[in-house]
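Below is one structure; the comments refer to it alone.
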Amino acid sequence: MNYKALSLVVSAALTLAACSSDPATTPADGGPASVNGCTTFADETASGGAIAWDFNVTPKCVKVKVGQAVTWTGDFSFHPLAPFNGDTPNPITTGSGGTSKVTFPTAGTFGFHCLTHPAMQGAVQVVP
Ligand SMILES: [Cu+2]
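Counted the way our numbering counts, the sequence shown spans residues 1360 to 1487.
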């Protein structure tokens, strides 16, 4: 194999590697370094995440594993929950009846916010 052919093969391999890592980018497959001000995340990888969905948003930044869920508990007619920033596709949806339980099938960092109160926001970091 001559040099030109080899460099084509290497370049194709690098392109494939870059694509296969989407949408999670950095750091360490968890997605971008910062989404909605979240740079450190409450570790809830033991059994999935829970967020109190009121003006305080507690915690704002949570970390779970692929396949785990995060449950927001709050009043979704007053605080409509929506995806905002971060990796796509973003599975976060609003809830009804007091809870919104969202399962995350892929790694990445997925932001969310309240459609009524922009200060209510945070992110879920999903790691492999
Ligand atoms: Cu709100």
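Glycine is no exception: its CB is placed at the ideal position from the N, C-alpha and C atoms.
Taking the continuous beta strand (DSSP E) assigned at residue i, which residues delimit it?
i	result
G1433	A1428 to G1433
N1449	Neither: N1449 is in no beta strand (DSSP E) and is coded neither H nor E.
F1469	G1467 to C1473
G1481	Q1480 to V1486
G1408	G1408 to W1412
C1420	C1420 to K1424
S1393	Neither: S1393 is in no beta strand (DSSP E) and is coded neither H nor E.
V1461	T1458 to T1462
Between the alpha carbons of residue i and residue j, how many angstroms are there, rounded?
i	j	result
A1401	C1420	6 Å
G1408	Q1480	15 Å
S1366	V1485	Residue confidence is low: S1366 scores 47 on pLDDT, short of 50, so the model does not pin down where it sits. No coordinate-derived value is stated.
S1380	T1452	In this prediction, S1380 scores a pLDDT of 40, lower than 50, which makes its location untrustworthy; the coordinate-derived value is nonetheless stated afterwards. Distance between the alpha carbons of S1380 and T1452 is about 24 Å.
G1467	T1458	23 Å
N1415	C1397	15 Å
I1410	F1469	14 Å
V1394	W1412	18 Å
F1490	T1399	Absent from the model: residue 1490. The displayed extent of the chain is 1360 to 1487, so no value can be given.
G1445	V1423	15 Å
H1438	G1456	12 Å
N1449	P1487	16 Å
T1447	W1431	20 Å
Taking 6 Å as the cut-off, does the CB of residue i come closer than this to any heavy atom belonging to ligand 2?
i	result
F1471	Among the ligands in the structure shown, ligand 2 does not appear; only ligand 1 can be found there.
Query raised in the report: Whose CB is closer than 6 Å to a heavy atom of ligand 1? List the residues in chain order.
Result: Near ligand 1, residues with a Cβ at less than 6 Å from any of the ligand's heavy atoms are H1438, C1473, T1475, H1476 and M1479; the list follows chain order.
Query raised in the report: Between the segment 1463-1477 and the segment 1425-1440, are three or more C-beta pairs nearer than 8 Å?
Result: Yes: the two stretches touch, three or more of their Cβ pairs being nearer than 8 Å.
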